[in-house]
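In what follows, a structure is listed as structure tokens, so that the remarks can point back to it.
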Amino acid sequence: SQELEQSPQSLIVQEGKNLTINCTSSKTLYGLYWYKQKYGEGLIFLMMLQKGGEEKSHEKITAKLDEKKQQSSLHITASQPSHAGIYLCGADIKNSGGSNYKLTFGKGTLLTVNP
Amino acid sequence: GAVVSQHPSWVICKSGTSVKIECRSLDFQATTMFWYRQFPKQSLMLMATSNEGSKATYEQGVEKDKFLINHASLTLSTLTVTSAHPEDSSFYICSAFGPLSNSPLHFGNGTRLTVT
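Taken in sequence, the protein lines are chains E and X. Quick note on the numbering used here: the first sequence kicks off at -14 and runs consecutively. Quick note on the numbering used here: the second sequence kicks off at 510 and runs consecutively.
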């Protein structure tokens, strides 16, 4: 089974609408990362969360990590076509420790924003 | 700007040949780099951890002799797909933490490998 579950798998929204993507694990997330990927390209780092209850925002994107550190959400406010892409959550679920821990990734959420 | 550079962006090769993919850290030293593989509509799968000056650590199920990793310098790791077959066709992405000690994991732009 997938160690990191992302939902929904795909999402189509109208420009200007808000949306939320979720990332869930049965294991503790010792470091939770959100990335955006355009098909066939590399990953763009969005945000990193480490503490339970932590919340970070950048422009119109807000990411939260729950208190138990097993679920994270990515919220986009007033979506724009430029937000379209694949959103991936990645996490250290094995508590690798140190400064070079390994990340496990979810399958991604394909976001389409219609103008 | 980009902190990790990957080359080439795409490559087409014939079955049985070998292909080398380069991953460079830009303006910082990366003692550890990670190689991932991604199939269409699938998540990133960690293949191996590349360690400067020592052998790479491979994930379970990844053939060491098939995917040769060399991390000869603090800014360069290479992945060589040996005796490539069509099933090796995939998107390969490298990554590294940096440039600061508390920096997140940054990814290269990936390499699209097609084996004919």
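Ideal Cβ positions, reconstructed from N, Cα and C, are used throughout, including at glycine.
Determine the DSSP secondary structure at E596(X), reduced to helix, strand or coil.
-> helix
From T47(E) to K53(E), what does the alpha carbon distance come to, in whole angstroms?
-> 18 Å
In whole angstroms, what separates the C-alpha of G37(E) from that of G16(E)?
-> 10 Å
Residues near S10(E) by beta carbon distance below 8 Å, same chain, minus five either side | E(-12), L(-11), E(-10), Q55, Q56, A76 and I78
Using a Cβ-Cβ cut-off of 9 Å, state whether L555(X) counts as contacting chain E.
-> yes
Through-space distance from V590(X) to I578(X), alpha-carbon basis = 9 Å
Three-way DSSP call (helix, strand, coil) for S58(E) in this model | strand
Simplified DSSP state of S42(E), which is helix, strand or coil | strand
Sequence-distant residues of the same chain with beta carbon closer than 6 Å to W519(X), five excluded per side = R621
Short Cβ contact (9 Å threshold) for S592(X) with K573(X) | no
Cβ-heavy atom distance, C603(X) to the ligand GDP, below 8 Å | With respect to small molecules bound, the structure shown includes none, and the ligand GDP cannot be examined in it.
Chain X partners of Y18(E), CB-CB under 8 Å?
-> P613 and L614
Which residues in the same chain have their Cβ closer than 7 Å to the Cβ of W544(X), if we skip the five residues on either side of it in sequence?
-> M556, A557, S559, I578, L588, Y601 and C603
Considering only residues of the same chain and omitting the five flanking positions on each side of L50(E), which have a CB-CB separation below 8 Å?
-> L14, L17, L34, Q35, K36, G37, G38, E39, E40, Q56 and S57
List in chain order: all unbroken beta strand (DSSP E) runs of 3+ residues lying wholly within the stretch 517 to 589 of chain X.
-> 519 to 522, 528 to 534, 541 to 547, 553 to 560 and 576 to 582
Quick one, are the C-beta atoms of I71(E) and L96(E) less than 9 Å apart?
-> Closer than 9 Å, so yes.
K523(X) versus D597(X) - alpha carbon distance = 11 Å
Between R546(X), E561(X), F548(X) and C532(X), which lies nearest to H580(X) when the distance is taken from Cα to Cα?
-> Looking at R546(X), E561(X), F548(X) and C532(X), the one whose alpha-carbon comes closest to that of H580(X) is E561(X).
Selection of the stretch 19 to 36 of chain E by Cβ proximity to chain X, strictly under 7 Å = G25, E26, G27, L28, F30 and M33
Skipping 5 residues on each side, what residues in its chain have a beta carbon closer than 7 Å to that of D536(X)?
-> P608
Taking the beta strand (DSSP E) that K21(E) falls in, what are its first and last residues?
-> L17 to Q22
Since I believe S67(E) is in contact with L4(E) (beta carbons under 8 Å), could you give me their beta-carbon distance rounded to a whole number of angstroms?
-> Not quite, the Cβ-Cβ distance comes to about 14 Å (not below 8 Å), so this is no contact.
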